[in-house]
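Chains as they are written, first to last, in the numbering used here: chain A, 2 to 329; chain B, 23 to 348. Don't be surprised by glycine CBs; every beta carbon is placed ideally from N, CA and C. Notes follow the structure.
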C-alpha cells in the first residue's frame with residue numbers, strides 16, 4: 002500500500018447513527034415506513050460519514066455501518082439458515098437480538114458489496130470491506146441445526162469467503178474480518194477459528210485485517226500470530242497499553258492496528274496522548290508495522306465524541322509522522 | 023426424581039409483549055421513577071418468573087434472580103469493603119458483569135437474599151431455594167486490592183457469606199444453593215476451596231447444594247463427595263466429560279446429584295427420548311430418586327419462550343420416566 006503515509010489512520014468499522022436514522026429504524030421495525038425510505042436515510046448517513054472521515058483526514062475509510070443493527074444479527078439476517086430467536090440480556094438493561102441457526106447456512110447473494118460500492122463511489126480514499134468472522138457469528142448465535150460447532154463454523158467460513166471474494170472483485174483493497182469472540186475458548190477452539198479464517202481469506206490478494214477485543218488476548222498470544230491476515234487490530238488504550246509487555250516478550254510479526262483511543266469512554270483523548278501511545282508502541286513495533294485506530298467500533302459514542310476522538314487521533318498520528326521526519 | 027431450575031430466569035418476555043423490567047430499568051436510570059417504584063416492577067416480574075416455573079410443573083424453584091444485576095455485584099454491593107468497577111466477560115459467555123474490587127476488609131453487613139427469599143416463598147405454591155454465589159467464585163471474579171493472597175480473600179468472603187447462610191437458616195429453606203462455577207477452571211485450588219467451604223458451612227443447619235457449571239468436575243468430583251453438601255450440581259451440557267467422572271468414580275450414596283442436562287445456553291430443545299436415554303444411563307450410577315433434574319445453568323441466556331420450553335420439557339420427561347418405571 003505504497004500510497005499510504007507512515008502510521009496510516011483508520012477506524013474499526015462502526016460509527017454512531019444520526020438521530021434521524023435511529024428514529025427511522027424504530028419506525029421501520031414498527032412497520033410505519035417502507036424499506037426504501039429507510040435505505041435513503043442510511044445512504045444519507047453514509048455520505049455524511051464518508052465526508053466527515055475525509056475532512057478529518059483519515060487514510061483508510063469505512064462505510065460506518067449505518068445499515069447494520071449489530072455485527073452478528075446483520076449477517077444472520079442476510080444469510081440462509083438463520084432466524085432471530087429473541088432478545089437476550091448482555092448486561093445491565095442491554096439486550097440484543099440473538100440469532101439461531103435453524104438450517105444449512107449459506108449466502109443468498111452478496112451482502113455488503115452494494116454498500117461497499119456505494120461508499121467507495123463517494124471517495125478517492127480506499128474504503129475497507131467489513132465482515133464479521135465465521136467463529137464469532139457461530140459463537141454469538143444459538144445452534145439448533147448442526148451437530149457440532151465445527152460444522153457450523155466451517156460452513157459459515159465458506160459463506161463469508163464468497164462475500165470476501167465479491168468485495169475484492171468490487172475493488173476492495175482492504176478487507177477486515179472481525180473476530181471479537183476468537184478467545185472465548187482459547188484452548189478448545191482457537192485452531193478451529195484459525196482454520197475458518199484460512200477458508201475466508203483463501204486466494205485473496207487484498208490486504209486482510211482481523212479485529213479482536215474484549216477478552217484475554219495474552220491467552221492466545223503468540224499463537225494469534227498464526228492467523229492468516231496481514232494485520233491484527235487490537236484495543237491498547239483501554240488497558241493503558243499493557244499489551245505491549247506481552248509483545249515485548251515475543252515479537253509481533255504482523256502489522257498492528259494500534260487502538261489509541263478508548264471506544265467506551267466519553268472523554269476525547271488529546272493529540273499528545275495519541276502521540277504518546279504511538280511513541281510507546283514503537284518500543285516494540287517497527288514504524289512500518291503501525292496503523293493507528295480506535296480501540297473498537299465507535300457506534301456507542303455520540304457523533305460529537307466520535308469526531309473529537311478521531312480528530313485527536315489523526316493529529317496525533319501526524320505529529321508522530323513529523324517526529325520521525327525523513328524516515329517517513 | 024425432583025425437577026428444579028438452577029438460578030436465573032429471563033427478565034423480559036418475548037416480543038411483541040412489552041419488556042416492563044427493561045423499560046423500568048431505563049426509567050430508573052433517567053430518574054423518571056423512584057427506586058421504590060422500580061422495586062414494585064421487580065416484584066411483579068419475580069411473580070411472573072415464579073408463575074412460569076410453577077406452570078411448567080417444577081418441584082423446586084428459584085425466584086428467577088430478577089433483582090440480580092449479575093451474580094457478583096448483587097452480593098458485593100451489599101457487603102462492605104467492595105467498590106464496583108468496569109465490565110468483564112462472565113466466563114466463556116457473551117454476558118458481562120461489573121467487576122467488584124476489594125478495597126478493604128470485606129464484611130457482611132445485613133441479610134442480602136433473605137427479604138427476596140421471603141417474597142418468593144410467599145408467592146410460590148412450590149418450595150423455593152435461595153441461591154448464593156460462593157466465596158471462591160466471588161473472589162475469582164473480583165479484583166483483590168487488599169488481601170495479600172487469593173486464599174485470604176476467599177476465606178474472608180467465606181466467613182462473610184457464612185453469616186448470610188445463617189440468616190437464611192432462620193427462614194428454614196428446603197435447600198440453599200451455593201454457586202461455585204469458578205472452581206472448575208482451577209482444580210489446583212482445591213485445598214483453598216475446602217477450607218472456604220468449611221468456613222462457609224460452619225454452624226449452618228439448612229441443607230446446602232453445591233452447583234457448578236460451564237465445565238466438568240473430572241478432577242474434583244471425588245473431593246466434592248467429601249464435602250458436607252446435600253446436593254452436588256454438575257453441568258452435562260458444557261461439561262459432557264462429567265459422564266466420564268461419574269462412571270469412573272461413582273457417586274456417593276448419601277448425596278443427591280444436580281443433573282444439569284438440558285442445555286441452558288442453546289435454544290435447541292432436547293427431545294423427551296434423548297433425556298430419557300440419558301436418565302437411563304445415569305440410573306446405572308445414581309438411583310433416580312436421588313436426582314435433581316434441571317437445566318445446565320441459569321436460563322437467562324435464552325429468550326423467555328425458549329427458557330419456559332426447557333422447564334416444561336423437564337416435567338414432561340419426569341412424567342415419561344415415571345411411566346417407564348411403573
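Span of the beta strand (DSSP E), counted from its first residue to its last, around residue i
i                      : result
residue 99 of chain A  : 95-108
residue 225 of chain A : Note, residue 225 of chain A: premise wrong, no beta strand (DSSP E); not H, not E.
residue 234 of chain A : 232-236
residue 73 of chain B  : No beta strand (DSSP E) holds residue 73 of chain B; the alpha helix (DSSP H) holding it covers 57-77.
residue 173 of chain B : Here residue 173 of chain B belongs to no beta strand (DSSP E); instead the alpha helix (DSSP H) covers 172-191.
residue 125 of chain B : 118-130
Nearest candidate by alpha-carbon position, reference residue i, set the options
i                      : options                    : result
residue 160 of chain A : A:94, A:146, A:186, A:82   : A:82
residue 259 of chain A : A:59, A:279, A:63, A:181   : A:279
residue 306 of chain A : A:156, A:267, A:112, A:296 : A:267
residue 232 of chain A : A:206, A:297, A:177, A:283 : A:177
residue 274 of chain A : A:214, A:293, A:21, A:180  : A:293
residue 25 of chain B  : B:301, B:327, B:325        : B:301
residue 256 of chain B : B:224, B:237, B:114, B:75  : B:237
residue 186 of chain B : B:227, B:48, B:293         : B:227
residue 286 of chain A : A:244, A:265, A:204        : A:244
residue 247 of chain B : B:276, B:299, B:76         : B:276
residue 127 of chain B : B:114, B:159, B:143, B:165 : B:165
residue 70 of chain A  : A:23, A:36, A:48           : A:23
residue 249 of chain B : B:203, B:147, B:222, B:160 : B:222
First through last residue of the alpha helix (DSSP H) which encompasses residue i
i                      : result
residue 49 of chain B  : 42-51
residue 191 of chain A : 187-202
C-beta neighbour in chain B for residue i, strict 8 Å
i                      : result
residue 141 of chain A : yes
residue 3 of chain A   : Here residue 3 of chain A scores only 48 on pLDDT, less than 50, and its place in the model is too uncertain to base an answer on.
residue 24 of chain A  : no
residue 163 of chain A : no
residue 216 of chain A : yes
residue 180 of chain A : no
Through-space distance from residue j to residue i, alpha-carbon basis
i                      : j                      : result
residue 213 of chain B : residue 311 of chain B : 31 Å
residue 4 of chain A   : residue 171 of chain A : 20 Å
residue 63 of chain A  : residue 237 of chain A : 21 Å
residue 211 of chain A : residue 256 of chain A : 11 Å
residue 333 of chain B : residue 229 of chain B : 24 Å
residue 65 of chain A  : residue 58 of chain A  : 15 Å
residue 167 of chain B : residue 100 of chain B : 18 Å
residue 277 of chain A : residue 187 of chain A : 32 Å
residue 182 of chain A : residue 136 of chain A : 7 Å
residue 189 of chain B : residue 79 of chain A  : 53 Å
residue 46 of chain B  : residue 123 of chain B : 28 Å
residue 105 of chain B : residue 125 of chain B : 7 Å
residue 92 of chain B  : residue 119 of chain B : 6 Å
residue 323 of chain A : residue 310 of chain A : 20 Å
residue 97 of chain A  : residue 64 of chain B  : 21 Å
residue 270 of chain A : residue 18 of chain A  : 21 Å
residue 304 of chain A : residue 44 of chain A  : 17 Å
residue 349 of chain B : residue 68 of chain B  : The question about residue 349 of chain B has no answer here: the residues shown for chain B are numbered 23 through 348.
residue 151 of chain B : residue 283 of chain A : 56 Å
residue 284 of chain B : residue 229 of chain A : 37 Å
residue 115 of chain B : residue 265 of chain A : 20 Å
residue 235 of chain B : residue 292 of chain B : 18 Å
residue 313 of chain B : residue 303 of chain B : 13 Å
residue 78 of chain B  : residue 33 of chain B  : 17 Å
8 Å Cβ cutoff, residue i in contact with chain A
i                      : result
residue 328 of chain B : yes
residue 59 of chain B  : no
residue 325 of chain B : yes
residue 117 of chain B : yes
residue 47 of chain B  : yes
residue 44 of chain B  : yes
residue 111 of chain B : yes
Residue i: CB within 7 Å of a non-hydrogen atom of the ligand GTP
i                      : result
residue 259 of chain B : The ligand GTP is not among the ligands present in this structure, which contains no ligands whatsoever.
Within chain D, partners of residue i - CB distance below 9 Å
i                      : result
residue 266 of chain B : The chain labelled as chain D is not found among the protein chains of the depicted structure, namely A and B.
Could you list the residues in the stretch 72-93 of chain A with a C-beta less than 7 Å from some C-beta on chain B, going in chain order? 86, 87, 88, 89, 90, 91, 92, 93
For the stretch 291-323 of chain B, which residues have a CB atom closer than 9 Å to at least one CB atom of chain A, in sequence order? 291, 322, 323
Selection of the stretch 183-213 of chain A by Cβ proximity to chain B, strictly under 7 Å: 185, 186
Listed from N- to C-terminal order along the chain, which residues in the stretch 270-294 of chain B have their beta-carbon within a distance smaller than 9 Å of any beta-carbon of chain A? 287, 288, 289, 290, 291
Just by C-beta distance, which residues in the stretch 234-258 of chain B are closer than 7 Å to chain A? none
Looking at chain A, which residues of the stretch 77-100 of chain B have a Cβ within less than 9 Å of any of its Cβ atoms? 91, 92
Which residues, in order along the stretch 24-37 of chain B, keep a beta-carbon less than 8 Å from a beta-carbon of chain A? 32, 33, 34, 36, 37
Using Cβ-Cβ distances below 8 Å, what residues of the stretch 95-123 of chain A are close to chain B? 96, 99, 101
Residues within the stretch 157-189 of chain B neighbouring chain A, beta-carbon criterion of under 9 Å: none
Name the residues in the stretch 145-156 of chain A whose C-beta lies less than 7 Å from a C-beta of chain B; which are they? 145
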